[in-house]
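In terms of the working numbering, the sequence shown has 165 at position 156, counting the first letter as 1, and numbering is strictly consecutive.
Every residue, glycine too, gets a C-beta built ideally from N, C-alpha and C.
For reference, the structure is listed below as structure tokens.
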Amino acid sequence: MNTHNAHLSARSLWTLMVIAGLALACGSAAAASLDAAAIGKAAGTKATVQKDGVVKIGWSRSDVSVTVDGMRLPPAAGLGSWAAFAPMGTQATVMGDTVVFQDEVDAAMDAAFAHGLHVTGLHNHFFYDQPKVYFMHIEGEDSATALASDVKAVWDAIKAVRAARPQPAEGFGGAVPKPGKLDADTLAKIVGHPVAANNGSPKFTIGTTGHMHDETIGASMGLTTWAAFSGSDDLAAMDGDFIMRADEVQPVLRALRKADIHVVALHNHMIGTQPDFYFTHFWGKGKAADLARGFRAALDAQAGAAARVQPGR
10 MNTHNAHLSA RSLWTLMVIA GLALACGSAA AASLDAAAIG KAAGTKATVQ
60 KDGVVKIGWS RSDVSVTVDG MRLPPAAGLG SWAAFAPMGT QATVMGDTVV
110 FQDEVDAAMD AAFAHGLHVT GLHNHFFYDQ PKVYFMHIEG EDSATALASD
160 VKAVWDAIKA VRAARPQPAE GFGGAVPKPG KLDADTLAKI VGHPVAANNG
210 SPKFTIGTTG HMHDETIGAS MGLTTWAAFS GSDDLAAMDG DFIMRADEVQ
260 PVLRALRKAD IHVVALHNHM IGTQPDFYFT HFWGKGKAAD LARGFRAALD
310 AQAGAAARVQ PGR
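In structure tokens:
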């Protein structure tokens, strides 16, 4: 290649680099701002732009009076649901925290899943609160207006519960299980794991391993999924806990809800493990065999998620 052609090639390369840089800059600029008015319209509420460009919506839970430690808590002091929207490439991401009373959790979680949102936490913020208040964290990725509509669906599901019953319920309803006979062998066949007698409350315990401070830890240190049964074959209660890696959380939660098992907490138990582990606690009532099938379905969903991420794990 002669010198003239070499100069032309270098100039052409430089021109392409400049064009690519401009295109990237224009794309970043387009993605760097969100239409607050459109988000507010889709969410059915006012949306405000924060100093960093994040668009935020909120809903203060003034519809139910809450006392904490005997004091009536003003809604502005910690009873606010919110969702924040930020650009993510050509789309957007949403993160939020939703105030839920106990009888609203199922409806809120089911609405979140139906609209493609992830549930990333469910826990309390207070002690001695009446009625009990919980907080459900959500996140998702889509267009900003689609996400705003998704959040609206979650909040609307909560409002529908309160419209049907102004004051939060004090129980799930239905008959209360009473002590009786539980066929542990049948439960074990359904779940596909050994079951311990556990003083008349058959219990499944499934361990896993991880690392903390460069040491291997396992089931004896709390790395377990478990489910315990109380009552009788005809009407039982099942409570338990799933240990999950991050990629397994959503499949397990969805499987539990599909089986009409109540998710009552989602949080961590440990800090500094490799990998990070998350735990969801659950409660269900019904025929013991049906509950066992729901538990097995969640185990299968977890195994499927693990296989997709790391085949053979």
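Output yes or no for whether 8 Å exceeds the beta carbon distance between residue i and residue j.
i	j	result
Asp159	Gly149	yes
Phe238	Ile270	no
Ser229	Trp164	no
Arg254	Phe213	no
Lys294	Phe181	yes
Pro186	Gln111	no
Ala245	Leu156	no
Ala298	Ile215	no
Val170	Val75	no
Phe339	Val64	The chain is shown from 10 up to 322; residue 339 falls before or after that span and cannot be answered.
Thr289	Ala274	yes
Where does the unbroken alpha helix (DSSP H) through residue i begin, and where does it stop?
i	result
Ala154	Looking at the sequence shown, residue 154 is not Ala but Thr. Start and end: 153–173.
Thr195	193–200
Lys267	258–267
Phe122	114–123
Gly313	297–318
From what residue to what residue does the beta strand (DSSP E) around residue i run?
i	result
Met221	219–221
Asp250	245–253
Gly130	127–133
Lys50	Here Lys50 belongs to no beta strand (DSSP E); instead the alpha helix (DSSP H) covers 45–52.
Gly216	212–216
Glu224	224–226
Cys238	The sequence shown places Phe at residue 238, not Cys. Looking at the DSSP string, the run of the beta strand (DSSP E) that includes Phe238 is 233–240.
Ala274	271–276
State the CB to CB distance for the pair residue i and residue j, rounded to an integer number of angstroms; the pair is presumed to be in contact (CB under 8 Å).
i	j	result
Ile66	Ala52	5 Å
Leu43	Ala101	6 Å
Val108	Arg70	5 Å
Thr225	Thr217	Not a contact, Cβ separation roughly 11 Å.
Gln283	His220	4 Å
*asked:* Report the start-end ranges of each alpha helix (DSSP H) in the region 67–99 that is 4 residues or longer and not cut off at the edges.
replied: none
Mind the definition here: the region 202–210 touches the region 161–177 only if three or more C-beta pairs lie below 8 Å; say whether that holds. no
Notebook entry, point to check: Between the region 255–271 and the region 219–233, do three or more beta carbon pairs fall short of 8 Å?
Noted result: no
Tell me whether the region 114–134 and the region 52–63 touch, counting them as touching only if at least three CB pairs, one residue from each stretch, are closer than 8 Å.
no
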